[in-house]
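Sequential numbering from 20 applies to the sequence shown in the numbering used here.
Glycine residues also receive a C-beta, built at the ideal position from the N, C-alpha and C atoms.
Some notes on the structure that comes next.
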Amino acid sequence: MQIRDPLVELHETTLYKYLVSLDQEYSERISKFVLEIAPLMATIETYFPYYTRHDAHHGYQVVKRMAQCLLPSCFDRSKPESLTAQEVFLLIAAAYAHDLGMAVFPGEEQSLKIKLGLCDTPTWKTNENLQSYLRINHSSRGGEYIEENAERFGIPRNLVAALDLLMKAHNYSITQLERELQRPFATGQKESDLAQLAVIVCVADAIEFSDTRVLDGVFDKIGMDKTSAARISYAENMKHVCTGDSLAVTDDGRIIVSGAFQDANILALAHRTFDQMEEWIQGYSDIDHRSKYRKLKVRGEPFQRDLSFNRGNFQRLGVRLNKRSVIDLIASNAVWRTHQGIALRELVQNAVEACRYRSHHSAPADKYQPEVRIVFDREQHTVTVSDNGCGMSERTVLNNFLTVGSSRSREPSYIESDYAPIARFGIGFWSVFTIADVAKVTTTAFESYRGLPTKAANAQGFEFDVQLTELKDFTVFSPTERACGTTIKLNLKSNVVIDEVFTELKKFLLCSMIPLTIVLDETEERIDSNIPRIDEVALFGVRRLKAKQLGIRIFDYSANSADVFVSYGFAYREDGESITFMAEPGSPMFSVKEDFHASQSAVCGFSVPLRITPLCIDLERIGIYKLNTTTPRGFEFSIDRGQLNKNEAVTNFIEHARNIIHDGYREFLKKTNSYYPEAINRLQREAASGGGSVYDQFTEMELASAKSNYPDLICIGLIPITQDQSFNQAKANTKYVNLDQLSALKGIVWCLQAQRGQFNSKGRQYFPIESPEVLEFTYAWVKKQQQHLSENIPLYITQPDRNFSLLFDNDNTSYTHVTSLPHELCFLAVNLERVNYAEMAADIIPNIGGKWAGTIYWRNFDVEDKKPYLFLGRHRVLVKPETKLQAHLKSLAADARISAIADIIRLLQEDEAGHMPEALTGLL
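Following this line, the structure appears as C-alpha cells:
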C-alpha cells in the first residue's frame with residue numbers, strides 16, 4: 020500500500036466522512052489537527068529507528084480499524100448509541116496523537132540533553148536514556164504538549180482534558196482505565212462515556228496490523244546492530260511482516276488473523292502477542308457491555324488463527340497440566356493440611372481484601388461503609404461469607420477467580436498504584452472444597468457504580484455455582500440484582516462439624532481492619548478492629564485465682580509505630596520494696612500462666628506464625644504479646660499461609676514490634692524504680708528461670724542489635740577476681756553494667772558454661788553447671804589461674820547465661836580451657852576489648868542443618884586428648900584453626916555442601932562417644 024498525504028488518507032476514512040455529515044466545523048478542526056501533528060509524528064522515527072511505524076499513517080490505520088470495530092448503528096444518528104461530532108473528533112484525534120509524546124518537541128532538545136545528562140554527539144537522538152525517558156513518559160508528555168498548543172491544533176478547549184485521558188488510556192491496565200475514565204462527561208449536550216471511547220481507541224490500536232506498519236529500510240539498520248535491543252526489534256518487525264494486513268474483523272465481530280512464518284521464534288512471538296490481545300479485548304468488551312449503550316462490534320473471544328510454518332510441524336506446548344488433577348491437588352488437604360478453619364480464613368481474607376480495595380478506590384461521594392459478614396447455619400449446614408467490597412466482573416471471574424494461580428493481585432492496577440494487596444497466589448478459593456461440596460457465588464462489580472451509592476445498593480450482578488464432583492468446562496452466569504460486593508455460600512460436607520470450623524476460624528482472626536461480624540445460632544459476635552489488651556483472663560486463664568492469691572499483678576502496654584500495632588502484658592509481683600518475676604520464691608512466673616504459646620502476630624488481622632526475637636527478657640515466659648501490621652506490603656507467605664518467608668518486610672515488622680516492647684519495658688522499669696543495671700540483670704534472669712536461658716545456640720546479630728537499639732536493657736554482672744578477697748567479698752563488689760558501659764571496659768571474663776563428654780558419660784561425673792555453687796567454684800578456679808599470669812589485666816567471672824554467649828560469639832579470639840576427668844569442665848574466656856558490637860561474628864559457619872544442627876566456630880582450646888574439636892552443648896562445636904579437620908570443613912563450606920558438613924559433625928559426636936568412625940580417618 021502506498022503511503023499518501025495525511026489529509027488525503029484522513030478524508031477517505033469512514034469516521035471522517037461521518038463527521039463531515041454531522042458537523043462541518045469539527046471536520047475542519049480535525050483536518051487542521053492532523054495537518055499540524057503529522058510533521059511532529061514523522062520525527063518519532065528519528066528517535067526510535069528500530070520501532071514499527073508511529074507516524075500519521077499509523078494514526079490513519081487506527082482510524083480505519085475503528086470503523087471495523089464499531090457497530091453500524093454508531094453511524095446512524097437515529098440510534099441512541101450513535102456517535103456525536105465531538106466524540107468522533109476525540110476518537111480521530113486520539114488515534115493520531117496517542118504516541119505524540121515519543122517525539123522531541125520543537126525547542127526541547129537542549130533542555131532534554133541537560134535533564135538526562137546527554138552528550139552533544141551525533142548519536143544522542145538514539146541514546147538509550149532518551150529512548151527510555153520518552154517511552155515511559157510519552158502518554159503524559161503528549162497531553163501536556165496538546166494542552167499548551169490546543170488553539171494551534173484546532174482543539175476546542177472543553178475537549179482538551181478528555182483527549183488527554185484518551186491518549187493516556189492505551190497505557191492503562193483494564194482496571195486503571197475504568198478507574199481513571201469512569202467519570203461523568205458531556206459532549207454536544209449529550210452524556211458521553213469516556214471509558215467506552217477509550218476502549219474503542221485501544222481496541223483499534225491493538226489490532227492495527229497492516230502491510231505498512233514496518234518502516235522502510237529498518238532491517239538494513241538492524242542488520243548492522245548486534246545488540247539485544249536490535250534482536251528484539253527485529254523479531255517485533257518480522258512479526259508484522261509475516262502477518263501483514265491479514266487481520267480482519269468479521270461482520271459478526273470475530274477476529275481472524277493469518278500469516279506465514281519461517282522462524283519458529285517469530286511465530287511463537289506472534290502467538291504470544293495475539294494471546295495478550297485476546298485478554299485485552301476481552302477486558303475492553305466487558306467495559307463496553309457495562310456501558311449504557313454498546314458500541315463495539317468486536318467480541319471478546321479467542322481469535323481464529325491461521326498462522327502457518329513451512330519448516331516443520333509447529334506446536335504450542337508451554338507447560339501442559341492435567342486440569343482435573345491440579346484442581347484436585349490444590350483443593351485437598353495435601354496443600355491446606357487438616358485445619359478446617361483455613362478454608363474459611365481464605366474466604367474471609369478475600370472478603371476483607373475486596374473491601375480494602377473498594378475503599379482505596381472510593382471517593383467521599385460514594386459514601387462507602389465496608390462490611391464483612393459470616394453466617395453459620397446449622398439447619399442448612401452451610402456457611403455464608405458476604406462482603407460489600409469491589410465485587411467481580413465476568414472477566415475477573417473467568418481470568419482470576421476461576422483460573423488457578425491467576426491472582427488479581429498481580430494485575431497492573433494493583434502493582435502500579437500504591438495499593439498493597441493481601442492476596443498472593445490465586446488459589447485460596449479452591450481451599451473451600453476441603454470442607455464444602457458446592458460453592459454458590461453471587462457478585463456485582465463496583466466500578467460502574469462509583470459516585471452512585473443509591474444504584475450501587477441495587478446493582479446488576481450475576482451468580483454461578485462451582486463444584487468439583489462435576490467439573491465442567493463451562494460456566495453459566497445467571498443475572499441477578501444485589502448490592503456491589505460478593506457472597507459465597509458453602510454447602511458443607513456431611514462430615515464437617517460447624518462448631519469446629521467456627522472455632523478454628525476465630526483462631527486465625529486477631530482483629531479486623533474491616534467491620535466483621537460472625538453469626539452462629541443467631542448470636543452475633545463483632546471482631547474488634549483493634550488488637551485486644553492483655554488482661555488476667557488472657558494471661559492466667561483458670562489460674563487467675565492462684566495468681567491473685569500470690570499477689571501477682573499485670574503490666575500492660577499498647578502502642579504503635581508506623582503500620583505496626585502492639586499490645587502486650589506480663590505478670591510481676593511486688594517483693595518488699597522491689598519487684599520480681601518469680602511467682603513465689605523458687606517458682607517461676609510461667610507456673611501461673613495458662614498457655615505458654617498464647618502470643619499472636621498478624622498481618623492485616625490474620626494470624627501469622629511469627630515470634631519476636633530476640634528481646635531483652637524472655638517475655639513469653641512471663642507474659643503475652645499481640646501484634647498486627649496494617650499493611651501486607653512486602654510479606655511473602657507459604658502457599659497455605661502457614662509460614663512467613665523471612666525478608667525485609669518481616670525484619671521491619673519485628674524491628675518495630677521489638678522497639679515498642681522495649682519502650683514499654685523501660686516505662687515499667689522506671690515506674691517500679693528498677694531502671695538500673697543490677698535490677699535489670701536480676702529481672703532478666705528471673706524471667707528466664709526454669710529453662711528459659713538457652714545459651715548453647717549461636718546468637719547471630721543479637722549483640723549488634725541490642726547495642727544499637729536497647730543497650731540499656733541488656734545488663735551483665737561481673738564479679739572481679741581479687742587474690743586477697745573471698746568469693747563472698749568479691750560477689751558483694753559485683754559490677755553491674757549495661758552494654759554501653761561494658762564496651763568501655765577492659766579485661767578477661769571467664770564463664771563455666773559447658774561440660775565436655777555429653778555424648779560419652781564413661782568416666783565422667785555430671786556437674787550441675789547452673790547450680791548457685793558454680794560461681795564460687797568458677798571464682799576459685801580462675802583465681803588459681805590468675806597466679807600464673809604475668810600481665811596485670813582485670814579478670815572477672817559471670818553467670819553461665821545467654822548474655823555471656825553474646826560476648827563469646829562476638830570475640831573471635833575467645834578461648835576455652837577444659838579440665839581433666841572426672842568432670843571435664845569447659846571454662847570459656849572472652850577479651851572485652853576484642854568483642855565486636857557492630858557486625859556478624861567472624862570465623863564461624865552458622866546455620867548448619869541436616870544430621871546435626873548448629874554453628875561451627877574456629878576457636879582455640881586445650882584438651883588433654885588433643886582432639887581438634889570440642890562440643891559446647893548441643894548446637895555449638897569448636898574446631899581448632901590450622902588443623903586438617905578445619906581445612907576439610909572449610910572446603911565443604913566453600914562448595915556450599917551444608918549437608919556434608921552436618922554429616923561430619925554428627926560423626927564427631929560418634930567419635931566423642933568412643934566409636935571412632937572410619938570416615939574421620941586422617942581428619943583427627
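Minimum C-alpha distance to residue 188 - residue among 218, 498, 714: 218
Test item: CB-CB of residue 706 and residue 617 under 8 angstroms: no
Given 8 angstroms, three or more beta-carbon pairs between the stretch 904 to 912 and the stretch 852 to 862: no
6 angstroms Cβ shell around residue 697 - same chain, five flanking residues per side excluded: 755
Short CB-CB distance (under 8 angstroms) between residue 856 and chain C: Considering every chain present, this structure includes no chain C. It has just one protein chain.
Beta carbon of residue 924 nearer than 8 angstroms to that of residue 896: yes
Alpha-carbon to alpha-carbon, residue 57 and residue 382: 40 angstroms
At least three beta-carbon pairs within less than 8 angstroms, the stretch 590 to 599 to the stretch 493 to 508: no
Buried versus exposed call for residue 645 [16 or more other C-beta atoms within 10 Å across all chains shown]: buried
Residue burial classification, residue 878 (beta-carbon count within 10 angstroms, cutoff 16): buried
CB of residue 626 within 8 angstroms of CB of residue 771, strictly: no
Rounded straight-line distance, which links the Cα of residue 835 to that of residue 774: 11 angstroms
Selection from 481, 101, 240 that minimises the alpha carbon distance to residue 416: 481
Alpha-carbon to alpha-carbon, residue 929 and residue 719: 27 angstroms
Through-space distance from residue 251 to residue 656, alpha-carbon basis: 35 angstroms
Distance CB(residue 738)-CB(residue 702) smaller than 8 angstroms: no
Distance between residue 96 and residue 946 (C-alpha atoms, nearest Å): The structure shown has nothing for residue 946, since the chain only spans 20 to 943.
Beta strand (DSSP E) runs contained entirely in the stretch 711 to 794, provided each spans 3 or more residues: 734 to 739, 754 to 757, 767 to 774
Length of the line joining the Cα atoms of residue 142 and residue 131: 14 angstroms
C-beta atoms of residue 869 and residue 914 nearer than 8 angstroms: no
Beta-carbon gap between residue 776 and residue 843 smaller than 8 angstroms: yes
Minimum length 3: unbroken beta strand (DSSP E) runs contained in the stretch 878 to 907: 879 to 881, 888 to 890, 895 to 898
Alpha-carbon to alpha-carbon, residue 889 and residue 854: 21 angstroms
Rounded C-alpha distance that separates residue 633 from residue 520: 34 angstroms
Beta-carbon proximity list for residue 789, same chain, < 7 angstroms, skipping 5 on both sides: 819
Cβ pair count under 8 angstroms reaching 3, the stretch 179 to 187 against the stretch 209 to 227: yes
Spatial distance of residue 340 from residue 489 (CA atoms): Per-residue confidence for residue 340 stands at a pLDDT of 48, beneath the threshold of 50, marking its modelled position as unreliable; the derived number appears in the next sentence. Taking the straight line joining both Cα atoms gives about 19 angstroms.
Closer than 7 angstroms: residue 386 CB and nearest the ligand PLP heavy atom: Inclusion of the ligand PLP in the displayed structure is not the case, the ligand content being empty and no account of it being possible.
From 328, 550, 602, residue whose alpha carbon lies closest to that of residue 578: 550
Residues near residue 82 by beta carbon distance below 6 angstroms, same chain, minus five either side: 32, 34, 111, 114
Simplified DSSP state of residue 175, which is helix, strand or coil: coil
Between the CA atoms of residue 787 and residue 827 - distance to the nearest angstrom: 21 angstroms
Reference residue 17; option with closest CA among 80, 162, 167, 641: This structure cannot settle anything about residue 17, because the visible part of the chain is limited to 20 through 943.
Residue 242 - DSSP class collapsed to helix/strand/coil: helix
Every unbroken beta strand (DSSP E) within the stretch 46 to 101, with a cutoff of 3 residues, ordered by chain: none
Minimum length 4: unbroken alpha helix (DSSP H) runs contained in the stretch 177 to 249: 179 to 188, 193 to 200, 213 to 225, 237 to 242
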